[in-house]
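Residue numbers (our numbering), protein chains in the order written: chain A, 590 to 1003; chain B, 38 to 343; chain C, 593 to 960; chain D, 593 to 960; chain E, 8 to 280.
C-beta: ideal position from N, C-alpha, C; glycine also.
Beneath this line is the structure, given in structure tokens, with notes to follow.
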Amino acid sequence: QTTVTIATVNNGDMVVMQRLSSRFEQQNPNIRLRWVVLEENVLRQRVTTDIATRAGQFDILTIGNYEVPIWAKQGWLAAFDNLPAGYDAEDILPTVRTGISHEGKLYALPFYAESAMTYYRTDLLQRAGISMPERPTYAQIREIAEKITDKNNQVYGLCLRGKPGWGENMGFVTPLVTAFGGQWFDSQWRTKIDTPEWRRAIAWYSDALRQFGPPGATSNGFNENLALYAGGRCGIWVDATVAAGLLFDPKQSQVADRVGFAPMPTGDFAGGPTWLWSWNLAIPATSKQQEAARAFATWATSKEYIQLVAQENGWVAVPPGTRRSTYDNPEYQKAAPFASFVLRAITEANPTASTREPRPYTGAQFVGIPEFQGIGTQVGQTIASTLTGTGVEQALRGAQSATERAMRQAGYPK
Amino acid sequence: MSTTVAPPLGALPGQADAPERRRPVAFFLLSPSVAVLLLWMAVPLALTLWFSFQRYNLLDPTVGGFAGLDNYEFLVTDPDFWAALANTLVLVGSVLAITVVGGTLLAVLFDREFPGRNIARLLAVAPFFVMPTVAALVWKNLMMHPSYGVLGSVARGLGLEPVDWFADYPMASVIVIVAWQWLPFALLILLTAIQSLDSEQKEAARMDGAGPVAQFFFITLPHLGRAISVVVMIETIFLLTVFAEIFVTTSGGPGNATTNLAFLIYARALLQFDVGGGSAGGVVAIVLANVVAFFLVRTIARRLEV
Amino acid sequence: MATLTLRNVRKSFGGFEAIKGIDLDVADREFVVFVGPSGCGKSTLLRMIAGLEEITDGELAIDGKRVNETGPADRGLAMVFQSYALYPHMTVRQNMGFALRMAGVPRAERDRKVAEAARILQLETYLDRRPKELSGGQRQRVAIGRAIVRNPKVFLFDEPLSNLDAALRGQMRVELTKLHEDLNATMVYVTHDQVEAMTLADKIVVLQAGRVEQVGSPLELYHHPANLFVAGFIGSPRMNLLPATVAEANGAGLALELEPGGPRITVPSQGGAAAAGQQVTLGIRPEALRPAADGPLYGEVRLVERLGGLTLLHVALAGGKAVVVQIEGSDPTRAHQPVRLAADGAACHVFDAGGRALPAPERHPLAA
Amino acid sequence: MATLTLRNVRKSFGGFEAIKGIDLDVADREFVVFVGPSGCGKSTLLRMIAGLEEITDGELAIDGKRVNETGPADRGLAMVFQSYALYPHMTVRQNMGFALRMAGVPRAERDRKVAEAARILQLETYLDRRPKELSGGQRQRVAIGRAIVRNPKVFLFDEPLSNLDAALRGQMRVELTKLHEDLNATMVYVTHDQVEAMTLADKIVVLQAGRVEQVGSPLELYHHPANLFVAGFIGSPRMNLLPATVAEANGAGLALELEPGGPRITVPSQGGAAAAGQQVTLGIRPEALRPAADGPLYGEVRLVERLGGLTLLHVALAGGKAVVVQIEGSDPTRAHQPVRLAADGAACHVFDAGGRALPAPERHPLAA
Amino acid sequence: MRETAAQRAVVTILGWGVALLLFFPILWMFLTSFKAEVAAVAVPPQVLFEPTLESYAEVQARAEYLRFALNSIVVSLGGTLLGLAFAVPAAYSMAFHPTERTRGTLLWMLSTKMLPPVGVLVPIYLLFRTLGALDTRTGLVVIYALMNLPILVWMLFTFFKEVPKEILEAGRMDGARTGGEFWHLLLPLTLPGIASTGLLSLILCWNEAFWSLNLTSSEAAPLTAFIASFSSPQGLFFAKLSAASTMAVAPILVFGWLSQRQLVRGLTFGAVK
Ligand SMILES: Nc1ncnc2c1ncn2[C@@H]1O[C@H](COP(=O)(O)OP(=O)(O)OP(=O)(O)O)[C@@H](O)[C@H]1O
Ligand SMILES: Nc1ncnc2c1ncn2[C@@H]1O[C@H](COP(=O)(O)OP(=O)(O)OP(=O)(O)O)[C@@H](O)[C@H]1O
Ligand SMILES: [Mg+2]
Ligand SMILES: [Mg+2]
């Protein structure tokens, strides 16, 4: 009997996985699963400490496509080669696969994946007598938000991530800046934050969110905004595609029948990298239960698992964004009106595309270097402070110098 | 670990000037605690010191080697560092002020006889038993949340715009939460102390013409001196290292508005995984702790007649 | 000028009546001592006078003015507590000046009054110390000083010396007497120490169970106790109390027999106070007994206590009762020696079966 | 059989020498009392005997066997503390039985011994109470009981009665004397109360500043104090000490003048003890003074303390000195009255300029 | 003088007002835990609602509450007992056999408590990894014992100081050696103090959230880890959060209430008096 310890995040899809994992244990009576379910920040900190000190407490880690290549490069993760034929690795969407591969080898299996898009409330726009353009720009988003804001009834035109964190507000701000033509670093790793592009982007962000956003925006991350939107408090929300499944699920959303969607808004610079995020199951190289861990990881990311979730919770609730077969499934298409939209967003997502100026790093809503966790979070704090009255210029100057310091400390350019 | 308060080398038998037969026993009894504490402090401290002079990032094992004073330089030139120091002092100072003043007033109140006093007292001390994480979560989500929180509803009920606490008054919000948890502790201790006040002293003051207010300031308050010292000392110990409340609510922000030293070190060590920088922060915190220990504990210890 | 008048004063704690109706007049400049066994209500009575305890019923007047409803600070009294109740965080100066400060007396005057009190009490050199840096006697003096500075009409003391050791107590007793003379103030003093009561009081009030047993000057109580309780309570060593039978009663006095047919002791008494055959109690003060070869009492010395200037013989009488004999000087009697004792009949007391003293034919000259 | 021998015993606390070399023999069954002013080293000496304080130098022997290095429990002593030091969490029975329990005495025997001690001390009915449910006197008895059950060779007492009130102290004093007789044990007793010392001791040791001033029976010390210190210390009220000049010295005695040319007091003295013109101190016990119309001393009564059986007159002499006069019974003298006093010359003491007593021609009959 | 009825009413209202105000967040958490998620976010907040246990069911389905609770109990108790085992002798020796260094030692011990634990997390983590103590109750027990040791020693020291020296000397005269003195005299005499020290330690251990989160994963994870899996929202989560919080807090709260008298009784002995 082997015991597999799984560290995972307390997101809804993972919670479902935990619940359904008893099936796996029935099928594999000699494997016992032990769950460590933690909030995202705590999880990341725990898992990173553990793997970096090679303490080997976990057999399966739930990590993002930000960590996978970095950790794989350090040799901390076990590669997934020789996957069973039934697993059909080819079915995994290629962009997702690329994101979690290093030197051609897969180092994690994707549990779900997402890009970003714009959600809006069809009823509100209708009442205001406007409609959402096919490919909205940030300027248009702002105009619409203004028209549908009704603070007296606690309806706020625009919800965006405001909670500081590299995976929270910076997840939105980084693509926003890209769309305004900015970037984090130039090809010599010089910090490019205190620039007109950033200034315009942040000015838009802070101005729009302060005027039309809900109160307490600095506490709102993805989950908080989801709750707000599902509760009917948001007019427009730009965020991850994964929310679609939840927003269209009447069990979890009060506005399931009034959700409209559009692509991520654009700015003056079209093109550039696009948002791609996946939560993946990876196995640390130090794990002593490689085989059992592998068995579970493949099970939880398999087509069968998706079928199982569909059976249990309905198709709209299956983990999205990973397998073409899901999107090919007519039942899924029927349950999820956004399916093809999302599929296109993900398959077209290109985190490695260039910003307006060339850049030495990859990632659309993050910078694919280990230091980004710290830098992103620190800059995120500064950006958040613009929502509470700090001037944009001042904030960016602070962010610029802090980032320069951190990069110098970390020894860039390498 | 203390650099200013000399660690004891132990009272070795024969070394003290009155060699008593029982000394060895005393030494034998004390040494385990001193030894484990020394170990507990010394081993990590040695490692921390060592790391603080290393380039050591958990996420990047490729860089390494001796860093000299780089980590320290990096720390003290960080504007956040000084802000964190200031925030630490503000947090500790404000919570101490609130809990001591509030605790004293509440102690006086709960010293009076009124119907259901015992139950009311139980309710009042309850927050002390709540774990900091839960306290922070409850305040953040159920109390101070601008949309769903009770405070927001109250504000709306009064026709006011709900306050976005963690954005507009981040430090004050953290202070409220921490003070909420420690106020009952102060109340518990001070109430105990107030009840030990000799009733003849109060009567003497009455004979001397002191009204209730004068009695409070001239008799009760000085009597509480010792207990207040205890409260200040114990609370300082815990407040210097407040972490969970900040982590759960503001994560040190917005900007660096609520980053205290503990959180700054956390950010270095566990967000950036910069063990070298974090360790340098740890060493600074150790020095700071000793400065505080020196000034605060010494003055207090005198009053406690240690 | 300060007189105290208590009229049918009562105090109940819930259902329990601690003070059961007391009438008392304290004259100006009088030194009145309350004595009585523990729990008899001495402190309660004093605290009612002080205003620290509400008066359940009856009237308390100071200088003829009813003060039942006046607060403690406004009655013009000062109190010295058994525990001294000094303010531990204040210096001697601050302790003594506190009442004046509360009364809004300007600093200069306050200092003057404190200095004056300190001079009287010889506390000048300790003015800047805190209570815990003082000896017991000094603390006691500070407590008194705190009372003095207020220049009160009446001083109240609740067992102020009971925390001091014997020698210091003796010394403080003398100082209190002097103080009373110097200050010319009315004083009410609670104690359960007879020596204090005897030496300090102009008038002793003996309390028992919330009632007054007897009021009178010390020697009046000593020489003419109204009843057994007072007789036993006043005087140290205690009065010897022996059950006896009246063998013969005539105009000249009573002849008492301790045992039927035993030796007789003749006590002068007012005619008709008792009849032959009546059961009485004979009270003889230790100093009224003396060894005498022809004495009527016979017994064995059990214990000799030689105090130097005094000798106390503890004698077990033949009938089984024990008596104490006080002899001046160093007496040669040794323990286990048989002894005969004679009593000074004129100094004997006789109590009837109800414990009431039979009237003595003459008053003691000092017990006016 | 239990004797104690101290040979040149010393104790230093750091640099401070608390006991400066003491030689003392305590005979079997003797009741020895240490007296002396506060801080003179009484407790320290007792605690050294007990083994609670290490002996810096010198030798302590019990029954002739050196015990300097023996632990307190193994010296066969028992100690009664001033604060009683009862174990508050144990019943009286457990308190008394604790030492036996520590010694591994079986339960039945323990119970027997405790019952026996309780009987002696009349504590039978309190055996299952805890100390805080007892009165002061009862606690004191338990503390003694705890000592008794161990059947020690020597009992040590450190001011065991100082926390009791006067009446109880008197009573316990008597009980201790009886106990000493009943148990036939050696006892060492510390007090600073002269009455206790006088009444309890077979032998009093007067200590001052870590040294022995005089050792002797109570009446020896009372009637023949070796020096001014002992004279002033022993006896209550204190001996009156007056500076005087030898006006005339002859075989019959000394004629002393309190003031040059003033009245003379004649004191019998051994010839040649002092020469005319020498400065001396005259010591007169309060009971050796008496009012007398033709007395040589003249003064004004300042204060009269009437204790009932005794009267104390505080008299300010013309020369400015104050004396206390003890009179038996209730004396009619009143304060502020002028008075002449006579002294019983044979009971007077004379001390030379160095404070040493001049030898008396005859010993007092009781001070063997 | 006797307080008037008006004064009494004011005191009563103030006393209860303050008590309810302080208790309100806990009460609200408790009430919310019985609401449906939608009712939990209703605006204005609902005071009357139909209670449901669904949040509790959901929480229990996601995490075995009992396992976490058991760990909390074991680790808090263990840490407290181990801490006392070290602290009692140390405090004894400091209180009854003081040397010139006693004061310094005590202050030094207290100062060790002022360091942010995060400063030494990595070294400790490495140490624990090497010793194989990660995710073991034993490891956590040791950490907790050490963590609270300074406070325990200090509190016990103040309690021991209150024991009259004569009682111990009497014990020595009666033949008690160090062990007997300790066991038969000191321990029973200071039991209230030791108990309240232990209670305080228990509460601090139970609520400790840094070491428990970082040094355990599943086997030894106490309730603080349990909370960490409910502390960020996933859709509507207020009721679930409240339920989980209530479950995490309830045992120690009830325990604290029950032992409050004891806590206070002990405190009156030494430190505070
Ligand atoms: N606050 C109170 N509540 C109830 N009963 C009380 C209170 N104060 C005193 N008593 C009772 O009243 C009686 C008299 O008490 P008081 O203190 O006056 O006695 P006392 O003569 O001063 O005794 P002691 O010599 O012991 O001081 C006692 O029986 C006591 O128990
Ligand atoms: N542990 C100690 N350390 C230093 N000095 C001490 C110690 N114990 C006693 N002394 C000093 O030794 C001297 C004698 O003290 P001791 O207690 O024997 O006096 P005492 O005669 O019993 O006085 P008292 O009548 O006040 O009890 C005092 O000056 C005291 O200050
Ligand atoms: Mg009283
Ligand atoms: Mg002494």
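Can you find a C-beta in chain C that's less than 7 Å from the C-beta of residue i?
i: D/A758; result: yes
i: B/A144; result: no
For residue i, which of helix, strand or coil comes out of DSSP?
i: B/R59; result: Because the pLDDT at B/R59 is just 48, under 50, the model does not fix this residue reliably, and the point stays unresolved.
i: C/P860; result: strand
i: B/Y93; result: coil
i: D/R722; result: coil
i: B/L277; result: coil
Tell me, please, which residues DSSP counts as bridged to residue i.
i: A/Y708; result: A/W826 and A/F850
i: A/C748; result: A/W826
i: D/V914; result: It is worth fixing the name first, because residue 914 of chain D is Ala in this sequence and not Val. Looking at the DSSP assignment, D/A914 forms a beta bridge with D/A908.
i: D/P664; result: Answer by DSSP bridge pairing: none, since D/P664 is not bridged.
i: C/L616; result: C/L598
i: C/G573; result: Because chain C here runs from 593 to 960, residue 573 of chain C falls outside it and cannot be looked at.
i: D/M779; result: D/F623 and D/F747
i: A/W868; result: A/G653 and A/Y701
When you compare the CB of residue i with every CB in chain B, is at least one pair closer than 7 Å?
i: E/A46; result: no
i: C/F673; result: yes
i: E/G85; result: no
i: A/P804; result: yes
With 7 Å set as the bound, which would you pick, yes or no: does the beta-carbon of residue i sit closer than that to a beta-carbon of chain E?
i: B/I256; result: no
i: A/R710; result: no
i: A/L714; result: no
For chain D, find out if any of its Cβ atoms is closer than 7 Å to the Cβ of residue i; answer yes or no.
i: C/D785; result: yes
When the cut-off is 7 Å and only beta carbons count, does residue i lie next to chain A?
i: B/L96; result: yes
| query | Along the segment 636-647 of chain A, what residues have a CB closer than 8 Å to any CB found in chain B? | reply | T637, T638, A641 and T642
| query | Can you list, in chain order, the residues of the segment 878-892 of chain D whose Cβ is nearer than 9 Å to any Cβ on chain C? | reply | P878, E879 and A880
| task | Mind the definition here: the segment 645-652 of chain D touches the segment 600-618 of chain D only if three or more C-beta pairs lie below 8 Å; say whether that holds. | result | yes
| Cβ pair count under 8 Å reaching 3, the segment 834-851 of chain C against the segment 805-814 of chain C | Fewer than three pairs of CB atoms, one per stretch, sit closer than 8 Å, so the segment 834-851 of chain C makes no contact with the segment 805-814 of chain C.
| message | Tell me which residues of the segment 186-220 of chain B have at least one Cβ-Cβ distance to chain A shorter than 7 Å, keeping chain order. | response | P199, D201, F203, A204 and D205
| query | Would you call the segment 749-759 of chain D and the segment 767-784 of chain D touching, i.e. three or more CB-CB distances under 8 Å? | reply | yes
| Closer than 7 Å, Cβ to any Cβ of chain B: which residues of the segment 981-993 of chain A, in chain order? | none
| message | With three or more C-beta pairs closer than 8 Å as the rule, is the segment 272-285 of chain B touching the segment 165-178 of chain B? | response | yes
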